[in-house]
Amino acid sequence: MAHPIVDEIIGEDYQKELLLHKHVKFLGKCANEKDSTLDYCKMSGIYWVLTALDLLDALSEIDKNEIIDFVLSCQKTCGGFAPCPKHDAHLLSTLSAVQILAMYDSLDKINSEAVCTFVSKLQQPDGSFAGDIWGEIDTRFSFCAVATLHILGMLSKDIIDVEACASYLEQCQNLDGCFGTRPGSESHAGQAYCVVGSLAILRQLHRLNIDRAAWWLAERQLPSGGLNGRPEKHPDVCYSWWTVATLTIFGRLTWIKQNDLTRFILASQDTQTGGIADRPGNMPDPFHTLFGLAGLSLLAQANSDFSSKRSDGLNDMDDPANTALKMAKDKLKIINPVLCMPQYIIDRLQLKFQLFKSSISVPCLSWRADQHEHQYVKTWDLAPQPQSGTLFNSANSPEIKSSI
1 MAHPIVDEII
11 GEDYQKELLL
21 HKHVKFLGKC
31 ANEKDSTLDY
41 CKMSGIYWVL
51 TALDLLDALS
61 EIDKNEIIDF
71 VLSCQKTCGG
81 FAPCPKHDAH
91 LLSTLSAVQI
101 LAMYDSLDKI
111 NSEAVCTFVS
121 KLQQPDGSFA
131 GDIWGEIDTR
141 FSFCAVATLH
151 ILGMLSKDII
161 DVEACASYLE
171 QCQNLDGCFG
181 TRPGSESHAG
191 QAYCVVGSLA
201 ILRQLHRLNI
211 DRAAWWLAER
221 QLPSGGLNGR
231 PEKHPDVCYS
241 WWTVATLTIF
251 GRLTWIKQND
261 LTRFILASQD
271 TQTGGIADRP
281 GNMPDPFHTL
291 FGLAGLSLLA
301 QANSDFSSKR
311 SDGLNDMDDP
321 ANTALKMAKD
331 KLKIINPVLC
341 MPQYIIDRLQ
351 LKFQLFKSSI
361 SVPCLSWRAD
371 QHEHQYVKTW
381 DLAPQPQSGT
391 LFNSANSPEI
401 KSSI
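Sequential numbering of the sequence shown, starting at 1, is according to UniProt numbering.
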């Protein structure tokens, strides 16, 4: 029996303009709010607000020194960072802390070796990672570990068992093509981003059946244009990042209706307060505001020609979605699809990733239980390399930078 569709209805009166100035005001207000009930995710919350403001070229709205002092106060003796000073260290807050300091070009203010020790001690014998000393295993934590080391420039220092990590992540691909929190767990779009992002950093994407995964992700788009995280769930703006970023890494972003998704994000804006909600009519928050804007940045960079009209209507300027995407391209900074950080930071740190060039080929759904049917595509450097992606470094490749 087919899955029932759980969706939102977007009327013709949806908000058609991208409310960038209101989003800046909303994020600034969020940054000044004091709510102890959110201490458990405070470090990540700061990352969401700062990254969104940076995309909007409004990072100066926040006191840099105050943020850095707070982040430094959260580093524990174990080397990891807690979400706030009175909590325990966790990989989630450690990655957010490192991303914040990288944003402010202040990685030299922390003890990087201690951070690396914290990360290495959380790797398990099977290659997976626990989030903290209490032992929960999740592919989110694998991504946090790999991304943290990569940003610190320590991934090549044999701090973790890279082969075991990649092998474990490969085992998390299910027969339906997507990924769960661990091998055999239910497929989820958020976990897809974590697994694929990790392997893009490790340059191990060849381990995956890319087309099978991309097909599952494309199937998450609903008639409203929004994306859900798994079947039978409501669409949610946050998947405008998790799914769009993953499809961008795969070079399969053309497999979803990008203008329909853009309209869903636009409709999820709060016209009074600014900010973006999980879906139209709900309350906005920094989490969905960041991932809505980040998704729009990726969509805008993927559709750089807004002047011509095509038979599929993708670049028809009568469509409000294209007007919004053109504004996003002009006003939002370029976002990196692997780390969800503005690309200028990635260029400054000289970080590289494995990505695939955009493909409009018909997906291959063949699958053999004993062997992945790999579908390789041309690489970002325009030269065919049948058995790998390419190392992404937009600072050295203007063709690549203009494509993202």
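Backbone N, C-alpha and C fix where the C-beta goes; we use that ideal spot for every residue, glycine too. Owing to the predicted nature of the structure, the values given are computational and were not obtained by experimental measurement.
Would you kindly work out how many angstroms separate the C-alpha atoms of residue i and residue j, rounded to a whole number?
i	j	result
T94	D176	32 angstroms
S366	I210	At S366, the pLDDT of 32 sits below 50, so the modelled position is not reliable; the number obtained from the coordinates is stated separately. If I take the Cα positions, the gap works out to 11 angstroms.
I159	L247	30 angstroms
K16	L266	6 angstroms
W48	V98	13 angstroms
L101	V71	8 angstroms
G79	L222	43 angstroms
A328	A218	23 angstroms
F141	G131	5 angstroms
L332	H188	28 angstroms
D88	S96	14 angstroms
L351	S44	22 angstroms
W241	F291	5 angstroms
I256	V338	19 angstroms
R230	T117	35 angstroms
E8	A277	13 angstroms
Q343	I335	5 angstroms
R212	C178	8 angstroms
P85	K34	15 angstroms
H21	G274	8 angstroms
T37	P320	39 angstroms
Q354	F250	9 angstroms
Q204	G197	10 angstroms
T243	Q191	10 angstroms
A245	M341	12 angstroms
Y239	K157	33 angstroms
V119	G153	14 angstroms
D270	K121	43 angstroms
F392	E232	Unreliable positioning characterises F392 in this predicted model, as indicated by a pLDDT of 38, which lies under 50. A coordinate reading is not provided.
In terms of alpha-carbon separation, which member of the options lies closest to residue i?
i	options	result
I62	L27, S112, Y168 and Q173	L27
P280	A302, R220 and S268	S268
N322	F129, F353, R263 and Q173	R263
R207	T254, L169 and A214	L169
N174	K22, C30, P337 and W216	W216
L261	G295, F250, G275 and M283	G295
K25	S60, G135 and L205	S60
T139	H90, Y193, M154 and M103	Y193
P235	H288, L56 and S297	H288
N303	F250, N282 and L325	L325
P125	D161, I151, V119 and L91	D161
D330	I346, L299 and Q354	L299
T51	H23, K76, T77 and Q75	H23
L92	I46, L53, G180 and D270	I46
P183	D39, F129 and W134	F129
I151	K357, S358, R348 and P284	R348
M103	F356, S120 and L55	L55
D39	C30, A82, L122 and Q75	A82
From the DSSP output, in three-state form, read off residue i for me.
i	result
Q171	helix
A277	coil
D285	strand
L152	coil
Q301	helix
P4	coil
Q258	helix
L355	strand
Q343	helix
L222	coil
I46	helix
L18	coil
I265	helix
L205	helix
L227	strand
I335	strand
I210	helix
residue 408	Since the first and last residues shown for the chain are 1 and 404, residue 408 lies out of range.
I137	strand
Can you confirm whether residue i, when its beta carbon is compared against all beta carbons of chain B, has any partner nearer than 7 angstroms?
i	result
L208	Absent from the structure: chain B. Only one protein chain is present.
Next item on the list: Flag this pair as touching only if the stretch 103-110 and the stretch 134-148 have three or more C-beta atom pairs under 8 angstroms; answer yes or no.
Entry: no
Next item on the list: Report the residue ranges of all alpha helix (DSSP H) runs contained in full by the stretch 80-131; include only those spanning at least 4 residues, in chain order.
Entry: 91-103 and 112-121
Check: Three or more beta-carbon pairs under 8 angstroms between the stretch 47-67 and the stretch 6-16, yes or no?
Finding: no
Check: Along the chain, which unbroken stretches of the alpha helix (DSSP H) at least 4 residues long are found entirely within the stretch 155-202?
Finding: 162-171 and 189-202
Item checked: the stretch 111-120 contacting the stretch 165-174, beta-carbon criterion three pairs below 8 angstroms -> no
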